[in-house]
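**Student:** My questions all concern the structure below.
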Amino acid sequence: MQQPPLTDTFKRSYEAFESYPRTLICHTTKRDADAYVARLASAEPTLFEVDETQIEVPFRDLLPSKQGFQKQNICDDAHLKDWLGDTSIPSTVGGPPSGLLATKKDPLCRFIYFYAGHSRSPLRVNRQILLRILSYHQVMPGYIDFLLVFGFQDEPRDLRFSGFREQNLLNTPIRGPAVEMLGRSGRQFQLCYNLKAANCISLAQTKVEHKVWSIRQAAIHHQFDIETGTSLWIVTKGDKEIKDRIEDLNGPIGQPEDRDFSSPEECFRRTLGVHMVYCNWATEDWRWYIQWLEEVLDHGTEKVFAPRKQNRGCYVFEPREVQEVQSYEEKIHIAIMMLDGNINILRSLKRFYGHLMVSKNFPWKSECSDDIMEFTDKLSVMIYDLEMQTSRINLLVKISGDRKALASTSRVMQHIQAQGTEKMERMTESTHNLGIMAQKEAIAVRIITVVTVIFLPATFVSTFFSTDVIKYQNGGDFSMHALLGWLAVTIPLTIVTLGLCYFFFQRSTRRKLGLLGQFLTPRSHKETKE
């Protein structure tokens with residue numbers, strides 16, 4: 001039986017695949033298409049793998065006549081064309097290519113995986129292969145936004161970016177890219193969204209404070225044809241983890257019902273299970289990541305509550321320790337943003353399928369209503385769990401802020417105490433110098449006082465003897481009698497004067513020592529004696 005020819009719109013679109021998304025059948029405005037092209041060109045140096053030998057794009061196709069999925073890893077553009085059934089040969093003179101652009105119908109279910117060596121390395125695909133895949137499957141251009149968070153990068157890029165895009169073309173008359181030869185009815189919907197998960201990359205026996213956690217992203221594109229039941233999944237991630245989970249779901253170890261693609265409605269049911277795999281991956285480890293944040297925060301700030309010992313100040317945080325607390329607080333804020341993003345995406349997914357179930361253009365309302373209800377109920381449970389984790393981590397934000405404030409206060413108090421100590425040292429040194437000067441002056445005054453006391457009686461007696469009260473009449477220059485009389489008065493007077501001075505000096509000293517003793521005696525000791 002002869003197959004129907006390809007439509008002219010698909011031919012024009014796919015022949016110019018390198019101009020994607022300008023040539024999509026479902027037209028994008030020129031401004032938007034040019035913006036996507038410019039963003040993709042700007043990201044090309046870091047987004048795509050340069051080494052052609054490292055290119056690998058896994059395809060997993062389920063054909064109606066085959067049991068299980070066919071596996072093929074695409075390594076170059078020629079290999080991709082052969083797998084898609086594109087036998088065209090470009091013209092050497094600028095005309096249309098010779099051969100057929102497509103010879104194979106789309107499989108019932110196709111998974112395409114873009115991945116990298118690790119989460120911060122280029123995707124193992126080149127621009128030509130990517131654009132051919134996106135153009136051949138008429139993927140909505142919004143998926144480019146989700147691809148741009150990947151590629152080579154020193155630090156994780158666009159962790160705060162989350163989004164959900166949808167394109168609903170279920171209405172009649174058909175508005176979608178109908179290509180009968182490829183088994184595309186044109187009545188389809190497309191979804192694009194991204195999810196984030198926390199992943200511990202350390203061994204289980206690693207100490208808590210030394211464990212390393214990584215935030216991983218996954219960008220998912222899905223389209224489903226409601227008349228033929230064909231579905232397409234494009235998954236972009238830094239590794240093959242999700243690919244392995246999907247193969248466990250649809251492989252020999254999975255449940256038999258998960259491998260049932262016998263009718264379009266069964267194919268639709270299988271898509272709900274695949275969505276659930278992605279959602280489980282994005283929600284399962286956040287509890288443990290938050291618990292790790294709590295533990296490392298407690299470990300880093302536990303000394304804030306250490307008791308203050310006698311004669312010792314409180315623990316003073318080093319700048320490095322305060323910076324660690326700040327880095328944990330930033331991780332907490334980023335986690336809140338990602339949890340909120342996941343919650344909003346799950347809500348959007350729930351809303352989309354809820355609306356789909358009541359849409360007049362959805363053909364399996366009665367057949368699939370229970371499946372959709374079960375799916376949305378599971379999403380509700382996941383949303384509730386993520387909201388509980390968000391409440392928990394919001395409390396952690398307050399705790400980390402309070403403890404960082406305490407740690408910073410400790411640093412400020414240490415600085416103030418250091419300044420006070422420095423001032424006290426300067427004042428003590430100044431007081432000591434003043435004391436030495438005063439001591440020297442006191443010694444000098446005491447010496448002058450002693451000399452004055454010694455000579456004061458002699459001076460007084462000499463002055464008194466020089467008056468007319470005592471007068472010797474011998475008329476000579478020297479009188480032994482006068483000298484003996486002077487000595488007889490001066491020496492006793494000097495002795496009496498010195499004795500009185502010594503008596504009053506000792507009395508004053510004893511009084512000062514008594515006052516000092518009263519000041520130094522502890523009050524409790526005085527009360528005990530009383």
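Sequence positions in the sequence shown follow UniProt numbering and run 1 to 530. Where a beta carbon is used, it is the ideal one built from N, C-alpha and C, also for glycine.
Does the beta-carbon of residue 233 have 16 or more other beta-carbons within 10 angstroms, so that it is buried, or is it exposed?
**Tutor:** Classification for residue 233: buried.
**Student:** Straight-line CA distance for residue 359 to residue 377?
**Tutor:** Roughly 19 Å between the two C-alpha positions.
**Student:** Quick one: is residue 310 buried, meaning 16 or more other Cβ sit within 10 Å of its Cβ, or exposed?
**Tutor:** Caution is warranted here: a pLDDT of 46 is assigned to residue 310, below 50, making its placement in the model unreliable, and no coordinate value can be reported.
**Student:** Can you have a look at residue 515 and say buried or exposed, based on whether 16 or more other CB atoms are within 10 angstroms of its CB?
**Tutor:** Exposed: under 16 other Cβ atoms inside 10 Å.
**Student:** So, with DSSP's three-state summary, where would you put residue 534?
**Tutor:** In the structure as shown, the chain begins at 1 and stops at 530. Residue 534 is therefore absent and cannot be evaluated.
**Student:** Cβ of residue 281 within 9 Å of Cβ of residue 200?
**Tutor:** no
**Student:** Please confirm if the region 101 to 117 is in contact with the region 220 to 236, defined as three or more CB-CB distances below 8 Å between the two stretches.
**Tutor:** yes
**Student:** Within the 9 Å Cβ cut-off, does residue 77 reach chain B?
**Tutor:** Of the chains in the structure shown, none is chain B; there is only one protein chain.
**Student:** Are the Cβ atoms of residue 191 and residue 144 separated by less than 9 Å?
**Tutor:** no
**Student:** Who are the Cβ neighbours of residue 75 in its own chain at under 7 Å, not counting the five residues just before and after it?
**Tutor:** 55, 56
**Student:** Between 277, 426, 403, 244, which has its C-alpha nearest residue 325's C-alpha?
**Tutor:** Selected option, being the one with the closest Cα: 403.
**Student:** Pull up the distance between the alpha-carbon of residue 510 and that of residue 480, whole angstroms please.
**Tutor:** 44 Å
**Student:** With residue 49 and residue 124 assumed to form a contact (beta carbons below 8 Å), what rounded beta-carbon distance in angstroms separates them?
**Tutor:** 5 Å
**Student:** Would you mind sorting residue 197 into buried or exposed? The rule is 16 or more other CB atoms within 10 Å of its CB.
**Tutor:** buried
**Student:** What is the rounded straight-line gap between the Cα of residue 467 and the Cα of residue 513?
**Tutor:** 45 Å
**Student:** Give me the Cβ distance between residue 187 and residue 226, rounded to the nearest whole Å; I'm assuming they're in contact under 8 Å.
**Tutor:** 5 Å
**Student:** So for residue 8, helix, strand or coil by DSSP?
**Tutor:** helix
**Student:** Can you tell me whether residue 17 is helix, strand or coil according to DSSP?
**Tutor:** helix
**Student:** Taking the alpha-carbon positions, what's the residue 35 to residue 159 distance?
**Tutor:** Straight-line Cα distance between these residues: approximately 22 Å.
**Student:** Do you know offhand how far residue 242's Cα is from residue 278's?
**Tutor:** 7 Å
**Student:** Taking the alpha carbon of residue 118 as the reference point, which residue from 238, 271, 348 has its own alpha carbon closest?
**Tutor:** Answer by Cα proximity: 238.
**Student:** Inspect the beta-carbon positions of residue 295 and residue 209 and report whether they are closer than 9 Å.
**Tutor:** yes
**Student:** Comparing C-alpha positions only, which one of 18, 425, 373, 62 sits nearest to residue 132?
**Tutor:** Selected option, being the one with the closest Cα: 18.
**Student:** Going by C-alpha to C-alpha distance, which of 126, 84, 155, 52 sits closest to residue 41?
**Tutor:** 126
**Student:** Determine whether the beta carbon atoms of residue 352 and residue 62 lie at a separation below 9 Å.
**Tutor:** Cβ atoms of residue 352 and residue 62: not closer than 9 Å.
**Student:** Please look up how many angstroms separate the CB atoms of residue 39 and residue 148, rounded, as I've assumed it's under 8 Å.
**Tutor:** Contact holds; Cβ gap of about 6 Å.
**Student:** Buried or exposed: residue 13, going by 16 or more other Cβ atoms within 10 Å of its Cβ?
**Tutor:** buried
**Student:** Below 8 Å on the Cβ atoms is my guess for residue 99 versus residue 91; work out the distance and round it to an integer in Å.
**Tutor:** Contact doesn't hold; Cβ gap of about 10 Å is too wide.
**Student:** How close, in whole Å, do the beta carbons of residue 293 and residue 332 come, if the pair is a contact with beta carbons under 8 Å?
**Tutor:** Beta-carbon to beta-carbon, residue 293 and residue 332 are separated by about 6 Å, close enough to satisfy the 8 Å threshold.
**Student:** Quick one: give me the first and last residue of the alpha helix (DSSP H) that residue 275 is part of.
**Tutor:** 264 to 283
**Student:** Tell me which same chain residues have a C-beta within less than 8 Å of the C-beta of residue 445, skipping the five on either side of it?
**Tutor:** none
**Student:** To which residues of the same chain is residue 141 closer than 6 Å at the C-beta, ignoring the five residues directly before and after it?
**Tutor:** 21, 28, 36
**Student:** From this set, 58, 135, 433, 64, which residue's C-alpha is nearest residue 86's C-alpha?
**Tutor:** 135
**Student:** My guess is that residue 386 and residue 339 are in contact by the Cβ rule of under 8 Å, so how many angstroms apart are they, rounded?
**Tutor:** Right, the Cβ-Cβ distance comes to about 6 Å (below 8 Å), so this counts as a contact.
**Student:** To the nearest whole angstrom, what separates the beta carbons of residue 170 and residue 375, a pair I think is in contact under 8 Å?
**Tutor:** Their Cβ separation, rounded to whole angstroms, is 18 Å, which puts residue 170 and residue 375 out of contact at 8 Å.
**Student:** Return the residue from the list 456, 504, 25, 454 that minimises the CA-CA distance to residue 175.
**Tutor:** 25
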